[in-house]
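Inspection log for the structure reproduced underneath, given as structure tokens.
Number of protein chains: 2
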Amino acid sequence: MEVNHLSEGIRVAILGATGAVGTELIQLLEERAFPVSQLKLLASPRSAGKTISFRGEALTIEAVSAEAFQDVDLVLASAGGSTSKAWAQTIVDAGAVLVDNSSAFRMDETVPLIVPEINPQAAAQHQGIIANPNCTTILMGLAIFPLHQIQPIQRLIVATYQSASGAGAQAMAEVKAQARAILNEETPPTDAFPYPLAFNVFPHNSPLTEQGYCQEEMKMVKETRKIFDAPELRISATCIRVPVLRAHSEAINLEFAEPFPVGKAKEVLSQAPGVEVREDWENNYFPMPNEATGKDEVFVGRIRQDISHPCGLELWLSGDQIRKGAALNAVQIAELLVKDQLLPTTEKAVSV
Amino acid sequence: MEVNHLSEGIRVAILGATGAVGTELIQLLEERAFPVSQLKLLASPRSAGKTISFRGEALTIEAVSAEAFQDVDLVLASAGGSTSKAWAQTIVDAGAVLVDNSSAFRMDETVPLIVPEINPQAAAQHQGIIANPNCTTILMGLAIFPLHQIQPIQRLIVATYQSASGAGAQAMAEVKAQARAILNEETPPTDAFPYPLAFNVFPHNSPLTEQGYCQEEMKMVKETRKIFDAPELRISATCIRVPVLRAHSEAINLEFAEPFPVGKAKEVLSQAPGVEVREDWENNYFPMPNEATGKDEVFVGRIRQDISHPCGLELWLSGDQIRKGAALNAVQIAELLVKDQLLPTTEKAVSV
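As they're listed, the protein sequences go chains Y and L.
The opening position of the first sequence corresponds to residue 1 in the UniProt record's numbering, with each subsequent residue numbered one higher.
The opening position of the second sequence corresponds to residue 1 in the UniProt record's numbering, with each subsequent residue numbered one higher.
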């Protein structure tokens with residue numbers, strides 16, 4: 001990436017540096033050679049003093065404070081909604097842009113909600129905060145937006161197969177500890193999860209809304225509408241946790257106004273950014289979460305005509321929850337901010 | 001159960017006595033006090049000579065042969081489609097009724113396909129063979145037929161979360177061995193399954209049809225239509241295997257011609273035979289496969305108005321794949337044959 005407008009690079013802070021997404025953010029900044037001139041790792045006081053390696057250098061984690069956001073251009077936050085709400089104004093007042101991975105600001109009308117492959121143009125409207133969408137929403141969006149552009153989706157029914165990582169690093173460790181316990185005929189621990197997830201599945205345990213959908217499901221509904229700028233899009237979601245470590249899968253039924261030829265859908269998706277069509281019909285080989293783990297792409301397959309509706313399509317996807325579902329999308333937003341000169345310092349640089 | 005028409009009881013043979021379903025069949029005959037006067041356990045020559053306990057007695061497994069079906073009234077078969085096909089005529093010629101758990105005869109027009117809570121009346125048409133439906137089909141049927149009777153279902157979209165037991169006892173052992181290997185950072189064995197299922201999910205690996213649906217999905221489509229006597233019912237299914245041992249779960253979207261009030265649906269399902277509504281909205285507690293394991297009922301929950309369609313309903317279920325999904329349904333068919341005097345010997349007894 002060229003950063004010709006700001007030769008000295010971007011001063012970045014990561015809020016929630018020790019979490020599953022925070023750790024991945026640090027790796028991605030390094031892997032993708034994001035033009036970092038200074039990296040601050042912020043976390044709760046509990047983690048302060050520990051070190052994390054970045055570009056071969058051991059960086060010491062600082063406890064989050066108002067002062068920590070001084071002289072920072074960009075904050076990538078993944079420390080939960082209440083932490084983001086607590087610090088957002090401080091960050092904006094300090095002149096930095098907050099790319100927030102929590103759900104705190106996603107539905108705020110003044111906050112762009114961005115998947116760079118879908119609605120990069122929305123970034124220009126930011127007022128200091130940009131929201132990173134929900135993981136299941138990002139993965140689904142990548143796979144269906146290219147089709148939606150050809151023919152607007154009329155209705156969408158999705159059932160998810162969500163990994164433990166959606167509930168954080170502790171939950172990932174817990175599902176392994178649960179599996180070990182069950183294999184040894186012991187009682188599985190349930191600290192991060194309300195029920196055993198190993199050798200089990202259960203509806204996503206986010207709070208239920210009055211309509212009988214859980215918050216995770218309503219995120220898929222509302223966030224997809226906002227990202228697609230399709231406020232009337234009809235969506236129904238069933239979100240289920242499965243004992244997988246870090247990649248989500250989704251079974252998606254799409255309904256269009258006119259038939260959508262399967263060949264056309266495959267052609268469109270095979271050229272779509274961030275998507276890889278993975279179908280070997282002869283060998284019954286399709287996307288699987290264990291293979292999507294650690295990958296940037298959303299893998300899409302089993303693309304087929306819905307036999308229950310002449311204008312329906314069915315598809316199946318797997319994508320890394322921590323990577324494209326969270327950290328990678330946030331870093332791509334950061335790259336977009338640099339490229340389009342949407343960071344305050346770059347604006348300043350431009351106005352000089 | 002009364003068996004006043006045949007005081008000496010029924011002479012039963014189990015074909016495939018050593019499999020996951022065969023083992024459950026033997027337990028259920030004992031648990032439910034099925035009027036067995038004689039029990040023959042048949043399996044491949046490999047298993048001959050081994051013993052299995054029934055009513056406190058050690059029964060010796062015999063290798064299957066034509067002679068073995070002489071003097072038998074009822075054969076409960078669960079040894080795969082090719083074995084059922086190979087022996088069906090011999091069984092019928094010997095004067096016994098075959099209740100077959102394989103897919104071999106399910107779509108044969110002369111063979112009733114029965115879920116006793118749904119279409120017991122079809123049993124009277126049998127010509128020596130009755131087919132036990134596919135496991136996912138039975139579980140779904142129990143949960144949706146009571147609603148279909150109130151208002152015919154127009155369209156149905158289902159995504160499944162299928163346990164290892166659907167692929168047999170070896171597959172159940174393999175998913176545990178895979179989990180153990182993965183936890184120890186070793187390569188998981190893949191003998192029963194084409195891919196690791198532990199800490200993973202993948203589309204059901206039954207052969208794919210030209211339309212892009214796998215055979216398991218087409219079973220849900222075709223068998224449900226036959227059992228419901230609704231040849232035009234529009235169904236689309238996505239069948240996915242998940243690392244669960246022996247209970248399947250399903251996310252089901254139903255579309256009716258008119259709105260179906262959620263309260264009415266809950267009332268109907270709470271009184272439906274073989275169904276238990278399990279919903280604790282305050283505690284986010286719904287059906288889970290680990291709790292459905294070993295239970296007779298299909299557990300249904302998260303019954304809610306589909307927000308994407310005014311005439312839609314969403315629901316979620318879990319049910320034991322080996323029990324109601326296979327062995328229990330077969331034993332219930334056997335009980336129905338006794339009650340309605342539909343076994344050849346009982347016909348003889350009646351004609352005397």
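Note that the Cβ used here is the ideal one computed from N, Cα and C, for glycine as well.
Just so we're clear, the structure is a prediction, and the values are computed from it rather than from any experiment.
For Asp306/Y, at least one C-beta of chain L is nearer than 8 angstroms to its own C-beta. By the Cβ criterion, the segment 311-326 of chain L is in contact with the segment 253-260 of chain L, since at least three pairs of Cβ atoms, one from each stretch, lie closer than 8 angstroms.
Assigned with DSSP and collapsed to three states, Arg246/L falls in coil, not helix or strand. Note: Trp316/Y is bridge-paired with Ala251/Y and Gly301/Y in the DSSP secondary-structure output. One alpha carbon belongs to Glu282/Y, the other to Pro194/L, and they sit about 13 angstroms apart.
Runs of the beta strand (DSSP E) spanning 3 or more residues and lying entirely within the segment 100-172 of chain L occur at 129-131 and 153-161, in chain order.
For Leu317/Y against Val338/Y, the beta-carbon gap comes to about 29 angstroms, at or over 8 angstroms, which does not count as contact. For Lys176/L, the neighbours in chain Y by C-beta distance under 7 angstroms run, in chain order, Leu183. Using a CB distance cut-off of 8 angstroms, Asn134/L does not count as an interface residue toward chain Y. Counted as a single uninterrupted DSSP element, the stretch harbouring Lys324/Y is not any alpha helix (DSSP H), since DSSP gives it neither H nor E. Glu57/Y is bridged by DSSP to Phe54/Y. Among the bridge pairs identified by DSSP, Val75/Y is matched with Ala13/Y and Leu98/Y. Under the three-state reduction of DSSP, Gln341/L is assigned to coil, being neither helix nor strand. Spatial neighbours of Glu223/L in its own chain (CB-CB distance under 7 angstroms, excluding positions within 5 residues in sequence) are listed in chain order as Arg106, Leu113, Pro133, Asn134 and Thr137. Contact of Gly312/L with chain Y is assigned, a C-beta pair being separated by under 8 angstroms.
Straight-line spacing of the CA atoms in Ile10/L and Val92/L works out to 16 angstroms.
Not one beta carbon of chain Y lies nearer than 8 angstroms to the beta carbon of Thr224/L.
Per DSSP, the beta-bridge partners of Leu41/Y are Ile14/Y and Ile61/Y. For the segment 128-160 of chain Y, residues whose beta-carbon sits nearer than 8 angstroms to a beta-carbon of chain L comprise Arg155, Leu156, Ile157 and Ala159. For Ala292/Y, the enclosing alpha helix (DSSP H) begins and ends at Pro289 to Ala292. Here DSSP, grouped into helix, strand and coil, assigns Ser308/Y to coil. With three or more CB-CB distances shorter than 8 angstroms, the segment 230-243 of chain L counts as touching the segment 150-164 of chain L. Interface criterion not met: the Cβ of Thr23/L is under 8 angstroms from no Cβ in chain Y. In the DSSP assignment, Ser84/Y falls within the alpha helix (DSSP H) that extends over Gly81 to Asp93. Within the same chain, Cβ atoms closer than 6 angstroms to the Cβ of Ala43/L are found at Ala17, Thr18 and Ile61, the five residues on either side in sequence being excluded. Closer than 8 angstroms to the CB of Pro243/Y there is at least one CB belonging to chain L. For Ser270/L, the uninterrupted alpha helix (DSSP H) run begins and ends at Val262 to Ser270, by DSSP.
Glu109/L is the residue among Glu335/L, Lys176/L and Glu109/L whose C-alpha sits nearest the C-alpha of Lys226/L.
At a C-beta separation below 8 angstroms, Gln211/Y has these neighbours in chain L: Arg304, Gln305 and Ile307.
Contact annotation for Ile91/Y against chain L: no contact, minimum CB-CB distance about 33 angstroms [criterion: below 9 angstroms]. Collapsing the DSSP output to three states places Leu208/L in a strand. The beta carbon of Ala251/L sits closer than 8 angstroms to some beta carbon of chain Y. Take the alpha-carbon of Gly212/Y and the one of Pro203/Y: they are about 12 angstroms apart. Chain order gives the chain Y residues near Ile235/L as Ser308, where near means a beta carbon separation below 7 angstroms. Around the beta carbon of Lys85/Y, fewer than 16 other beta carbons lie within 10 angstroms, which makes this residue exposed. At a cut-off of 8 angstroms between beta-carbon atoms, Leu208/Y makes contact with chain L.
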